[in-house]
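> Below is one structure. I have some questions about it.
Numbering (my numbering), first residue to last: 2 to 368.
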């Protein structure tokens, strides 16, 4: 699936944002708090649009890794969930987006309100103890009254409507509902995913894709013969070197490995990368952009990456300008600059060719 057009009518303060003529590689730019990460989150809602567990997971992806349910120092997941909504004129919490893919039209809407729910005091205490939730107000524990979200999810695809009633409180156990319709395969890389590169690598190997990883690594460096994992440590087999631990290689190869496993996991779907300049160093990205685009094409993966770094955008543009097939004949790149105003979020969308020309001729600021 490739998203051609996307409209975010209401999500986390983003209002009436229109993204049209999207490409294979879409770089979201803009100053801090312009809505870049919010766009990534809105797209991730499409992974399993009728599953509230997926929505709650999206609401918490900005937070540090840890148990899914609330722990000390983190928001409760109900609060995180509510923070994704915009408040309509009639006081209803709303999330709304719609768009067009290469084969379908879709819309997704969440509506609901916060209500008080009574709960048995002993049951309340037991849930608090079992889940070790520390951030529920003391008054709630005493009275047995907790905040609860009550509403509806509506998903429409090609005119066919699906609805799901939703009601849960901070104390309810949520789990993924595998029976819900999964719309698109989506992989998300957070600003700190590169620290935990081992988990996606081992997962991809266990799923039988080791040869696919080697294939992508050989595009980056044809002398790479393969790799082995010995006692949870990856060793690279190289024609010019004896097998060496991955830790002895430079930053570029490590990030290529992270991207390779992510691209394989996102096959026929979407790869979301938040703070792309953190996920991979700028100097390394200059070297691998051509590899990255070709690999995404091989696996039919559409990319949305966010950055507030002009240096990162320049690295992408300058690495791609030497490949005329990519930048001129079959331009996969879009540079999308977001700007927020009171009642609307605007987007300036340039192709790679247009963005490169603007930088070279007018030194135009693209972030």
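Cβ coordinates follow ideal geometry from the N, Cα and C atoms, glycine included.
For clarity, every value in this text was computed on a predicted model and none was experimentally measured.
Just curious, the alpha helix (DSSP H) that residue 60 is in, first and last residue?
Where residue 60 is concerned, the enclosing alpha helix (DSSP H) stretches over 53–60.
> With DSSP as the reference, label residue 351 as helix, strand or coil.
Residue state, collapsed to three classes: strand.
> Below 8 Å on the Cβ atoms is my contact criterion, and I expect residue 305 with residue 273 to pass it. Report the Cβ-Cβ distance as a whole number of Å.
Between residue 273 and residue 305 the Cβ distance is about 5 Å, and since that is below 8 Å, they are a contact.
> So, do the region 282–299 and the region 224–242 have three or more beta carbon pairs nearer to each other than 8 Å?
Because the criterion of three Cβ pairs below 8 Å is not met, the region 282–299 and the region 224–242 do not touch.
> Per DSSP, residue 101 forms a beta bridge with which residues?
According to DSSP, residue 101 bridges with 6 and 106.
> Can you tell which of 248, 258 and 270 has its C-alpha closest to the C-alpha of residue 222?
Of the candidates 248, 258 and 270, the one whose C-alpha sits nearest the C-alpha of residue 222 is 258.
> Residue range of the alpha helix (DSSP H) that residue 249 falls in?
Element bounds for residue 249: n/a, residue is neither H nor E.
> To which residues does DSSP link residue 12 through a beta bridge?
Per DSSP, 15.
> Checking the sheet assignment: what are the DSSP bridge partners for residue 346?
Answer is 341, bridged to residue 346.
> Check whether the Cβ atoms of residue 240 and residue 226 sit closer than 8 Å, and answer yes or no.
In contact: residue 240 and residue 226 (Cβ atoms closer than 8 Å).
> So for residue 148, helix, strand or coil by DSSP?
Strand.
> Measuring only the C-alpha atoms, how far is residue 47 from residue 224?
One C-alpha to the other measures close to 39 Å.
> Start and end of the alpha helix (DSSP H) containing residue 39?
37–45 is the span of the alpha helix (DSSP H), which, as asked, contains residue 39.
> Can you give the Cα-Cα distance for residue 209 and residue 315, rounded to whole angstroms?
Computed Cα separation, rounded: 37 Å.
> Classify residue 360: buried if its beta carbon has 16 or more other beta carbons within 10 angstroms, exposed otherwise.
That one is buried.
> Start and end of the beta strand (DSSP E) containing residue 235?
Element bounds for residue 235: 234–239.
> According to the neighbour-count rule (16 or more other Cβ atoms, all chains shown, within 10 Å of its Cβ), is residue 57 buried or exposed?
When all chains shown are included, residue 57 counts as buried.
> Is any beta-carbon of chain B found at less than 8 Å from that of residue 171?
Absent from the structure: chain B. Only one protein chain is present.
> Is it true that the region 18–29 meets the region 343–357, where meeting means three or more beta-carbon pairs spaced less than 8 Å apart?
Yes, they touch.
> Quick check on DSSP: helix, strand or coil for residue 360?
Residue 360 falls in the helix class under three-state DSSP.
> Identify, in the order they occur along the chain, each residue of the same chain with its Cβ nearer than 8 Å to the Cβ of residue 245, setting aside the five sequence neighbours on each side.
So the list reads 236, 237 and 239, once near-sequence residues are dropped.
> Between the C-alpha atoms of residue 106 and residue 251, what's the straight-line distance to the nearest angstrom?
One C-alpha to the other measures close to 43 Å.
> Please give me, in chain order, every unbroken run of the beta strand (DSSP E) with length at least 3 that falls completely inside the region 152–228.
Within the region 152–228, the complete beta strand (DSSP E) runs of at least 3 residues are 161–170 and 187–190.
> What is the DSSP secondary structure of residue 256, reduced to helix, strand or coil?
If DSSP states are grouped into helix, strand and coil, residue 256 belongs with the helices.
> Determine the burial state of residue 49: buried for a count of at least 16 other Cβ atoms within 10 Å of its Cβ, exposed for fewer.
Classification for residue 49: buried.
> Go ahead and pull the three-state DSSP assignment for residue 268.
Reduced to three states, the DSSP call for residue 268 is coil.
> Sort 307, 295, 178 and 39 by Cα distance to residue 277 and report the nearest one.
The shortest C-alpha separation from residue 277 is found at 307.
> What are the partner residues of residue 303, as DSSP defines its beta bridges?
DSSP, once it has assigned bridges, lists 271 as partnering residue 303.
> Confirm, please, whether the CB-CB distance from residue 102 to residue 4 is below 8 Å.
Yes, the Cβ-Cβ distance between residue 4 and residue 102 is below 8 Å.
> For the candidate residues 13, 193 and 352, whose alpha-carbon lies nearest to that of residue 82?
Looking at the Cα atoms, 13 is the closest of the given residues.
> Since residue 286 and residue 336 are thought to touch, with beta carbons under 8 Å apart, how far apart are those beta carbons, to the nearest angstrom?
The Cβ separation is near 14 Å, so there is no contact.
> Whose C-beta lies closer than 7 Å to the C-beta of residue 54 among residues of the same chain, with five residues either side of it excluded?
Counting only Cβ-Cβ distances below 7 Å, and skipping sequence neighbours, we find 175, 176, 177 and 178.
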